[in-house]
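In the numbering used here, the protein residues as written are 1223 to 1518. Since the structure comes first, as structure tokens, the remarks are kept for the end.
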Ligand SMILES: Cc1cc2nc3c(=O)[nH]c(=O)nc-3n(C[C@H](O)[C@H](O)[C@H](O)COP(=O)(O)OP(=O)(O)OC[C@H]3O[C@@H](n4cnc5c(N)ncnc54)[C@H](O)[C@@H]3O)c2cc1C
């Protein structure tokens, strides 16, 4: 039996899967294969069946990726089936495929504070830990205790937060490691107050970000002491368009897909913003969005 047929028995396996609908920006080509294990046990079992020369790419909600128009010539993993969520006292252990907004809500329901910001970040837990997501002065690394990761050789290990060298939008994972679950240590607080804070954060978001059009959140990291949006605006690129991609008129660190943009259109605007900011301010902007199969 082929490895593809073996994986079929452990979840959902498909070939030539369009990835654009699996990203919030809505661009990018196809995955050669896409596998969605039905649960953690099947992911672990499947790992030993995937030939070593097949590259793996874990894709969460696709809210921080720019996938090339040529797609991904490998196996894309959808870990949405790994969705357990266990609360024990002030500790929450959660599967990689759980939406961060769902985790924030669960924490709030249990009167646990520390994850309110997740109500405003449209990703899955795995992507949130991999990116050390954060907002409103909170970030994953503030409350993370440890992650369980699955290595390419099939080993499952637990890595403590301190060994992950987490920084602003950065987590150091072992090469090829998949986040399977994460454990958080939160603090007890008033459930109604937590829910009010989440509502306020959401409404601040919808006032300041171009959420009506497909986008991938912040394109660049904020450089030390400044804001990428301010810099891009200052060099006159707010509203700049290429094909159907546009540097947002609302928030210059967002690129929006006005309908039918290609990955190349978006890349062109990223390169342009980076080059113009460098030329006019001598500041090097570093992409926050993960470029997959393409480069600057
Ligand atoms: C409207 C909007 C607002 C946003 N606001 C914020 C914000 O306030 N703060 C913020 O930090 N981000 C923000 N983002 C960006 C994005 O939501 C976060 O980076 C989020 O954590 C990405 O999660 P994801 O599941 O979408 O990951 P994906 O985009 O699917 O993947 C991102 C990276 O993580 C890797 N990855 C995903 N899952 C795993 C796994 N299980 N194991 C190992 N690696 C994995 C992927 O391979 C990829 O390299 C925003 C995005 C949008 C569209």
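Think of the CB as a built atom: it goes at the ideal place given N, C-alpha and C, for glycine as much as any other residue. Computed from a predicted model, the values in this text were never measured in an experiment.
(request) Quickly, what does DSSP pair residue 1307 with across the bridge? List them, please. (result) Taking the first residue of the chain shown as 1, we reach residue 1307 at position 85. The partner list for residue 1307 (beta bridge, DSSP) reads 1316.
(request) Just the C-alpha distance for residue 1301 and residue 1441, rounded to the nearest angstrom, thanks. (result) Taking the first residue of the chain shown as position 1, residue 1301 is located at position 79. Taking the first residue of the chain shown as position 1, residue 1441 is located at position 219. Cα-Cα distance, rounded: 24 angstroms.
(request) Would you mind stating whether residue 1372 and residue 1298 have Cβ atoms separated by less than 8 angstroms? (result) Within the chain shown, numbered from 1, the residue matching residue 1372 stands at position 150. Within the chain shown, numbered from 1, the residue matching residue 1298 stands at position 76. No, Cβ-Cβ distance for residue 1372 and residue 1298 is not below 8 angstroms.
(request) Would you please state the rounded distance, in angstroms, between the beta carbons of residue 1370 and residue 1378? I believe it to be under 8 angstroms. (result) Position 148 of the chain shown, counted from the first residue, corresponds to residue 1370. Position 156 of the chain shown, counted from the first residue, corresponds to residue 1378. Indeed they touch by this definition, with Cβ atoms about 6 angstroms apart.
(message) I need the DSSP call for residue 1421, collapsed to helix, strand or coil.
(response) In the chain shown, residue 1421 corresponds to position 199, counting from 1. If DSSP states are grouped into helix, strand and coil, residue 1421 belongs with the helices.
(request) Check whether the Cβ atoms of residue 1340 and residue 1325 sit closer than 8 angstroms, and answer yes or no. (result) Sequence index remark: in the chain shown, residue 1340 carries index 118 (1-based). Sequence index remark: in the chain shown, residue 1325 carries index 103 (1-based). Yes. Within cutoff.
(message) Under DSSP, the alpha helix (DSSP H) around residue 1228 begins and ends at which residues?
(response) Position 6 of the chain shown, counted from the start, is the residue given in the question as residue 1228. Counting along the chain, the alpha helix (DSSP H) containing residue 1228 begins and ends at 1225-1230.
(request) Name the one or two DSSP bridge partners that residue 1382 has. (result) For the purposes of this step, residue 1382 is identified with residue 160 of the chain shown, where counting begins at 1. 1368.
(message) For residue 1349, report the span of its alpha helix (DSSP H) as first-last.
(response) On the chain shown, position 127 is the one that residue 1349 refers to. That run of the alpha helix (DSSP H) goes 1347-1353.
(request) Compute every distance between the C-beta of residue 1232 and the non-hydrogen atoms of ligand 1, then say whether any falls below 7 angstroms. (result) Translated into the one-based positions of the chain shown, residue 1232 becomes position 10. Not so, every heavy atom of ligand 1 lies at least 7 angstroms from the Cβ.
(request) Note down, in chain order, each residue of its chain lying with its Cβ closer than 6 angstroms to the Cβ of residue 1358, except the 5 sequence neighbours on either side. (result) Translated into the one-based positions of the chain shown, residue 1358 becomes position 136. Closer than 6 angstroms at Cβ, skipping near neighbours: 1339 and 1423.
(request) Please state whether DSSP places residue 1295 in a helix, a strand or coil. (result) On the chain shown, residue 1295 is found 73 positions in, with the first residue counted as 1. Three-state DSSP puts residue 1295 in a strand.
(message) What does the alpha-carbon distance come out to for the pair residue 1412 and residue 1421?
(response) Within the chain shown, residue 1412 is the residue found at index 190, counting from 1. Within the chain shown, residue 1421 is the residue found at index 199, counting from 1. Cα-Cα distance, rounded: 15 angstroms.
(request) With a 10 Å radius around its C-beta and 16 neighbouring C-beta atoms as the bar for buried, classify residue 1335 as buried or exposed. (result) Locating residue 1335 in the chain shown gives position 113, where the first residue counts as 1. By the neighbour-count rule (16 or more Cβ atoms within 10 Å), residue 1335 is buried.
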